Amino acid sequence: MTDIYQSPLSERYASKEMQYIFSPDMKFRTWRRLWIALAETEKELGLNITDEQIAELKEHKDDINYDVAKQREKEVRHDVMSHVYAYGVQCPKAKGIIHLGATSCYVGDNTDIIVMTEALKLVKKKLVNVLAELAKFADAQKAQPTLAFTHFQPAQPTTVGKRATLWMNELVVDLEDLDYVIGSMKLLGSKGTTGTQASFLELFEGDHDKVKKVDTMIAEKMGFDKVQPVSGQTYTRKVDTRVLNVLAGIAASAHKFSNDIRLLQHLKEIEEPFEKNQIGSSAMAYKRNPMRSERIASLANYVIVDALNPAITSSTQWFERTLDDSANKRISVPEAFLAIDGILSLYLNIVDGLVVYPKVIEKRLMSELPFMATENIMMDAVKAGGDRQELHEAIRELSMLAGKNVKENGLDNNLLELIAADERFNLTLEDLKKTMDPTKYTGRSKEQVEEFLAEVIKPILDANKEDLGLTAEINV
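Residue numbering for the sequence shown is 1 to 476, as defined by the working numbering.
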């Protein structure tokens, strides 16, 4: 127990792995890696920097003297210069060339790009694992007939597996967007205070060719093949907008899945995992609330709304740089990632433990199937000598009567009995019951599942097989 506020995203929802990506330790270690990349690049392009200085920087890249940096920041009120100072204390031979020619955004903005890229990769890993679990579920349930709904009203049957492919297809669209954004992430490079690289032009005595190489050489050392072609002091904040829009898309897909599971759990057809000692309600001991799906919905709403933050920030930046992005950015971006991380962990956990109740599914489907079989019944009656137009009207009348019996009188659907008793159809109840095989009405559902898994999902899983096998751990 603590007496200060802690973010529920860290305490309850996000994984330790995602939390570390946005941790101060990750940030400041990345700063030091960037300072080493800058010094190496400047040395390789001819500045008077020695191997000994580089070696000293590398020796202390991970053992950060946080106490020194913290004390220094109290004095100078500048986080970057405090860490430059602290690094210099550990590296006396190199302290004079740390951060040479750079502005604060060299470490701040490049680190943000690096951190977001790593976070996007973790999101992709989790999303691919959700697809893998959904693929197993869809394959196992590909032939299980179930009542489909449009407008949450009974419609033509589908299969449980086919419905799962709808959830998967939305995630495939998200994965395509995710891959595009990861592939388009560009470092800021080292552009200087207004993006003109004037300080580097001074360092390299007017040699434009060398200055042009600075950005690409740093990017390569940091694992990137692209840099922002032009910038002010910062990378364009539209990058943050693009990144959070992808996360919002994933959140929307997960929300839709959670809605379906909550509705299916209400129908008692499918349930999310419910642990042996789990309590569904403090008052109603019998309840099994779909709390994991509800949590997905709740977190998804947060991410979808949070995507507005970087869009507003991007639109209000003035000229080459203003600092009204800082406070918003350091909250909205990490917390969107922490929330989507929690969402995908919940998604994976739910799919891994979904419980299907075929008997309940069959009972509901069979109660509605006579209505859905009327086209086939009418065709059989025409073959037996009936008039198509007359039979269509008769079925309409009898369907209304059967529906009234169900809705107003609470009786079972007796449409088949009503048709069998009508001489115009010339069909026995036994004849009619032969039409009540649900598999006759699911179309190509089973085949569509098989084709989707083989043609769309398998290539994705094959391409990401090294990331598979993830298990979801949820805290509460």
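Ideal Cβ positions, reconstructed from N, Cα and C, are used throughout, including at glycine.
For clarity, every value in this text was computed on a predicted model and none was experimentally measured.
Within the stretch 87-135, not a single complete alpha helix (DSSP H) segment reaches 4 residues in length. Here DSSP, grouped into helix, strand and coil, assigns Val-356 to strand. The beta carbon of Val-305 lies closer than 7 angstroms to none in the same chain, with the five residues before and after it left out. With 16 or more other Cβ atoms inside 10 Å of its own Cβ, Pro-290 counts as buried. Ile-331 counts as exposed, since fewer than 16 other C-beta atoms from the protein chains shown sit within 10 angstroms of its C-beta.
DSSP places Gln-233 in the coil class of the three-state scheme, outside both helix and strand. By the 16-neighbour rule on beta-carbons within 10 angstroms, Pro-334 is buried. A check of alpha carbon separations from Gly-403 across Pro-154, His-60, Glu-473 identifies Pro-154 as the nearest.
Non-local beta-carbon contacts of Ala-373 in its own chain, meaning distances under 6 angstroms to residues more than five positions away in sequence, involve Thr-435 in chain order.
Per the C-alpha coordinates, the member of Leu-354, Leu-416, Asn-48 positioned closest to Leu-203 is Asn-48. His-78 and Arg-295 have their C-alpha atoms some 39 angstroms from each other.
One alpha carbon belongs to Asp-179, the other to Val-351, and they sit about 23 angstroms apart. Check the Cα spacing between Val-89 and each of Tyr-5, Leu-57, Asp-109, Gly-108: the tightest is with Leu-57.
By the criterion of a C-beta distance shorter than 6 angstroms, Gly-353 is surrounded in its chain by Pro-273, once the five residues flanking it on both sides are discounted. In chain order, Ser-345, Leu-348, Asn-349 place their CB closer than 6 angstroms to the CB of Ala-472, counting only its own chain and leaving out the 5 sequence neighbours on each side. Phe-149 is bridged by DSSP to Pro-154. Per DSSP, Thr-241 has no beta bridge partner at all. In the DSSP annotation of this structure, Thr-428 is not part of any alpha helix (DSSP H), being labelled neither H nor E. Annotated as proximal: Lys-446 and Thr-159, with beta-carbon spacing under 8 angstroms. Leu-187 and Arg-33 have their alpha carbons spaced roughly 14 angstroms apart.
Residues of the same chain with a CB within less than 7 angstroms of the CB of Arg-72, apart from the 5 flanking positions on each side, are Ser-82, Tyr-85, Ala-86 in chain order.
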